[in-house]
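Peer 1: After the structure tokens below, expect a handful of questions from me.
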Amino acid sequence: MIVHFAVDLHRELLHSRQEKLDTVISSPFSIAAVLSMTLAGARGKTAEELLSVLRVKDDKVHENFAAFLPKLSSHSHKLQFHLANRIYSDQKFPVVENYVAFLNSSYVSTILSVEFEKSESVRAEINDWVKVTTESKIVDMLGPGIVTASTGVILVSAIYFRGLWELPFPTSSTSRHEFNVNSKTKVEVDMMHQKQEFAIARSDELKARAIEMPYKGGKASMVILLPDDIDGLSHLEHHLSHCKLSTILADLKETPNVQVSLPKLSFQQGLSLKSTLTAMGLNDLFSTSCDLSGMFKTGRPSVFELVHRVFLQIDEGGTEPGPATAGEASAPAGPEAAQTTEFLVDHPFMLLVLKSKSDVVLFIGSVRRP
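Here you go:
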């Protein structure tokens with residue numbers, strides 16, 4: 019449902035960024051959800067472009083989200099997952115009642131009519147709602163000037179995630195370790211360590227290895243794509259396609275005695291996606307040609323901006339301190355005891371958070387400096 023869009027989006031974010039960022043991370047799932055909400059009210063060329071960019075078929079996308087979103091919410095206590103997606107429109111454009119009912123039933127969301135002429139008041143209202151919905155993890159969703167008196171429609175997409183590992187890293191093993199930003203620059207990071215059985219794979223085309231680390235409850239997992247070379251991330255980003263990603267994920271194989279070392283990370287990143295989505299082919303949505311006649315009874319407003327913010331936290335992964343031996347594998351007897359596979363994440367890499375047993379990409383990112 020999301021893999022193809024996720025790869026397209028990440029590639030365009032990397033290509034279109036005007037400044038070199040140490041981390042580029044987004045939630046394709048969250049963005050696709052708010053775009054699909056918009057699709058439900060779009061008509062004509064606007065709808066066609068949304069379908070094309072999302073790489074979905076109209077008769078399935080809403081059905082898939084309607085089935086998936088309640089399941090995700092039901093696991094939020096294990097995944098610490100908070101999603102804040104909403105559409106805001108100016109009150110001078112009356113909203114179709116059936117559209118409001120559809121958003122509520124299929125997306126557990128809504129569209130709110132506001133008075134954009136009072137732009138600072140509206141900005142504060144949106145920021146307060148996101149702050150409450152994400153339990154104060156995401157604050158100041160919209161910066162000054164994001165909404166103006168001339169804004170017709172704005173799409174808001176925010177997501178906070180902190181998963182609890184199925185196999186937590188023992189906090190006593192976390193230590194300072196060098197991370198190679200590139201072949202010339204090193205920084206010190208807090209590195210987590212554990213030896214366990216993990217699924218790993220390799221792609222010669224991508225010149226990278228992959229490791230999958232499941233979250234508690236088996237409903238989601240994190241996959242790290244680690245280039246073979248310190249300076250290999252650009253090659254991985256350039257050559258990654260949805261087919262190659264699907265292949266390496268399918269090739270993941272459980273392997274005993276994997277010594278994994280992973281930096282502790284905490285990312286919060288805000289993105290205004292209008293230019294990125296326009297480059298991907300969404301032209302009508304942000305122009306005067308925008309057709310949202312399934313959303314509004316009268317008027318022809320266009321979408322002013324899609325504002326997206328993510329907060330992703332990666333740590334040892336327990337709400338309660340575990341026993342001192344948590345995350346330590348028992349040593350096998352015989353020849354296998356000497357066969358340890360090292361997976362040392364000490365240079366730039368990609369990460370994905372995936373919904374287990376599905377092609378839903380909750381997060382995708384490139385990390386150059388933790």
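Residue numbering for the sequence shown follows the working numbering, starting at 19 and increasing by one per position. Built from N, CA and C at the ideal position, the CB exists for glycine as well. Values in this document were obtained by computation on a predicted structure and should not be read as measured data.
What is the C-beta distance between methionine 240 and valine 371, in whole angstroms, given that I count them as a contact (C-beta under 8 Å)?
Peer 2: So it is a contact: roughly 5 Å between Cβ atoms.
Peer 1: Is there a C-beta anywhere in chain B that falls below 8 Å from the one on lysine 204?
Peer 2: Given the protein chain composition of this structure (a single chain), no chain B is represented.
Peer 1: In the DSSP output, what is phenylalanine 285 paired with across the bridge?
Peer 2: Answer by DSSP bridge pairing, in chain order: Leu330.
Peer 1: Nearest to threonine 151 by CA position, among Glu138, Ser127, His22, is which residue?
Peer 2: Of the listed residues, the one whose Cα sits closest to threonine 151 is Ser127.
Peer 1: Should phenylalanine 381 go down as buried or exposed, given a rule of 16 or more other Cβ atoms within 10 Å for buried?
Peer 2: The residue is buried, with at least 16 neighbouring Cβ atoms inside 10 Å.
Peer 1: Are three or more beta carbon pairs between the stretch 281–292 and the stretch 263–270 nearer than 8 Å?
Peer 2: Not touching, per the Cβ criterion.
Peer 1: Using a 10 Å radius around the Cβ and a threshold of 16 neighbouring Cβ atoms, would you call serine 137 buried or exposed?
Peer 2: Result: buried.
Peer 1: I'd like the ranges of any alpha helix (DSSP H) spanning at least 4 consecutive residues and lying wholly in the stretch 36–112.
Peer 2: Whole alpha helix (DSSP H) segments, 4+ residues: 46–57, 62–72, 76–92, 94–97.
Peer 1: Restricting to Cα atoms, I'd like to know which of Ser139, Val171, Asp208 is closest to glycine 59.
Peer 2: The candidate whose alpha carbon is nearest that of glycine 59 is Val171.
Peer 1: Out of curiosity, what's the CA-to-CA distance linking glycine 299 and serine 124?
Peer 2: In a straight line, the C-alpha of glycine 299 is about 25 Å away from that of serine 124.
Peer 1: Using CA coordinates, which residue listed in Leu69, Val174, Ala119, Leu68 is at the minimum distance from alanine 84?
Peer 2: For alanine 84, the nearest C-alpha among the options comes from Ala119.
Peer 1: Entirely within the stretch 109–197 and at least 4 residues each: give me those alpha helix (DSSP H) ranges in chain order.
Peer 2: Listed in chain order, the complete alpha helix (DSSP H) runs (minimum 4 residues) inside the stretch 109–197 are 115–125, 137–151.
Peer 1: Could you check the C-alpha separation between glycine 345 and methionine 231 for me, to the nearest Å?
Peer 2: Caution is warranted here: a pLDDT of 41 is assigned to glycine 345, below 50, making its placement in the model unreliable, and the coordinate value is therefore given only provisionally. About 12 Å.
Peer 1: Any chance the stretch 156–165 sits against the stretch 325–333, with 3 or more Cβ pairs inside 8 Å?
Peer 2: With a cut-off of 8 Å, the stretch 325–333 and the stretch 156–165 count as touching, because enough Cβ pairs lie within range.
Peer 1: Opposite glycine 383 in the DSSP bridges: which residues?
Peer 2: Looking at the DSSP assignment, glycine 383 forms a beta bridge with Ile43, Leu369.
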